[in-house]
Amino acid sequence: MQETAVRDVPPALGNPALARRLAGRRPAVFLDYDGVLSPIVARPEDAVMSESMRTVVHDLATRVPVCVVTGRDRGVAQQLMGVDDLAVAGSHGFDIWTPTRGSLSDAYVARYTDLVAEVTERLRDETRGIPGAHVESKRASVAVHYRLVDPADRDRIAATVRSVLDDYAGRLKLTPGKMVYELGPNVDWNKGKAVLYLIDVLGLDGDDVVPIYLGDDITDEYAFRALRDRGIGILVGDPDDPEVANRTTAAHYALASVDDVERFLATLT
Ligand SMILES: O=P(O)(O)OC[C@H]1O[C@H](O[C@H]2O[C@H](CO)[C@@H](O)[C@H](O)[C@H]2O)[C@H](O)[C@@H](O)[C@@H]1O
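Those letters in the sequence shown? Residues 336 to 604, per our numbering, in order.
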C-alpha cells in the first residue's frame, strides 16, 4: 500500500486532479468526527460541532449521501453534532445505524456489552487516582484519555492499559489515537470495513459514485486504505502539528484544518 509522508500529501482544496476525479460522478461522503467536524479540544465532552459546520453538513446531505464514521459512541456523536438523520458507524465502526434501517449491528454489539462494561469499570477504578485521566465509556469500546495527565504520570496510564490487555489476552485489542488508548473487542473489524459495509448496504457501489473519506487519526488509515483504489481519502491535519507531523498516510489529499473541511464540504455537489 502506498503511504506518503503527511507533509508531502497534496492539498484537496482547489486541486484540479481531485476535481477531474469527481467530474460526472456523485460523491458519497464519509466523515470522521473529532479533528474533522470539530477541532481537537482538551475535554472530549467539549467537542461540540459549530453551528456553521452543522449547516454545511446538513446542506451537503441534501445534495449527496453523507455518513459519519467515528470512534465516538454513536449516540454521543449524534448529540455533539446536533444531527440525527445521517448514517453513523460509532465505536470505530462497530455500532452501525442508518435513519431508514435503524441499527444494523445490535446483535453483534450485544455479544461484547458485558466485556466492554467490565473493562470500563476496571479502567475507571485503576485510573481514579491519576489526575487528569478520563475514561470514556461507549457501547462497543472504551477510551482512556491522557491529554490532561501530567507527562510524568502518563506511564502509569500506559501500564494500567497494558495490564488490562494482559489480563484479557486475546479478547481485547488496543487502538492508539490522539492522546488516548482505545480498547475494544479483539475482532477483525475497523473503520475501513465499516465504510465498505456502508457502501454496500446503502447501494453506493455503482461506477457513478466516488466514496470520499475525511479523517485525521490513526484509525482513519483503515478507511484510507480501504478506499485507496476505489475512492478518495483526505487526511485532515496540519503537518506542523506534533500529533500528525511524523506520520505517513494512505490518504490521497490533505486539508489543514476543520475550517478547511468546512470550505471543502461546501464545494461538493
Ligand atoms: O474517530 P473520531 O471521531 O475522530 O474519534 C476518535 C476519538 O475522538 C475523541 O478523542 C479525541 O478528541 C477529543 C476531543 O477533541 C480529545 O480531547 C482527545 O484527546 C482525542 O483523542 C473521543 O473522545 C474518542 O472517544 C474517539 O474515539
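Note that beta-carbon positions come from the ideal geometry of N, C-alpha and C, so glycine has one too.
{"Check": "Close-in-space but distant-in-sequence residues of the same chain around H587 (CB under 6 Å, 5 per side omitted)", "Outcome": "I567 and G568"}
{"Check": "Residue burial classification, T604 (beta-carbon count within 10 angstroms, cutoff 16)", "Outcome": "exposed"}
{"Check": "Candidates V544, T584 and D449, of which the one nearest P520 by Cα", "Outcome": "D449"}
{"Check": "Proximity test, R407 beta-carbon vs ligand 2 heavy atom, cut-off 6 Å", "Outcome": "Of the ligands one can find in the structure shown, namely ligand 1, none is ligand 2."}
{"Check": "For L395 and V364, believed in contact at Cβ under 8 Å, the rounded distance", "Outcome": "6 Å"}
{"Check": "G527: first and last residue of the uninterrupted alpha helix (DSSP H) it sits in", "Outcome": "K526 to V536"}
{"Check": "Beta carbon of D585 nearer than 7 Å to that of M336", "Outcome": "Going by the sequence as given, residue 585 is Ala instead of Asp. A contact, by the Cβ cut-off of 7 Å."}
{"Check": "Limits of the alpha helix (DSSP H) - the one that V544 falls within", "Outcome": "From DSSP, V544 is part of no alpha helix (DSSP H) but of the beta strand (DSSP E) over V544 to G550."}
{"Check": "Buried/exposed call for G437, threshold 16 Cβ in 10 Å", "Outcome": "exposed"}
{"Check": "Beta-ladder partner(s) of T433, from DSSP", "Outcome": "G437"}
{"Check": "Environment of D460 [buried if 16+ CB atoms lie within 10 Å]", "Outcome": "exposed"}
{"Check": "Straight-line gap, R355 to R361 (C-alpha atoms, nearest Å)", "Outcome": "12 Å"}
{"Check": "Segment contact, 8 Å Cβ cut-off, at least three pairs: the region 527-547 with the region 495-512", "Outcome": "no"}
{"Check": "S373 (DSSP reduced to helix, strand or coil)", "Outcome": "strand"}
{"Check": "Rounded separation between D555 and G464 - CA only", "Outcome": "32 Å"}
{"Check": "Closer than 6 Å: R491 CB and nearest ligand 1 heavy atom", "Outcome": "no"}
{"Check": "Euclidean distance between Cα positions of L600 and V392", "Outcome": "7 Å"}
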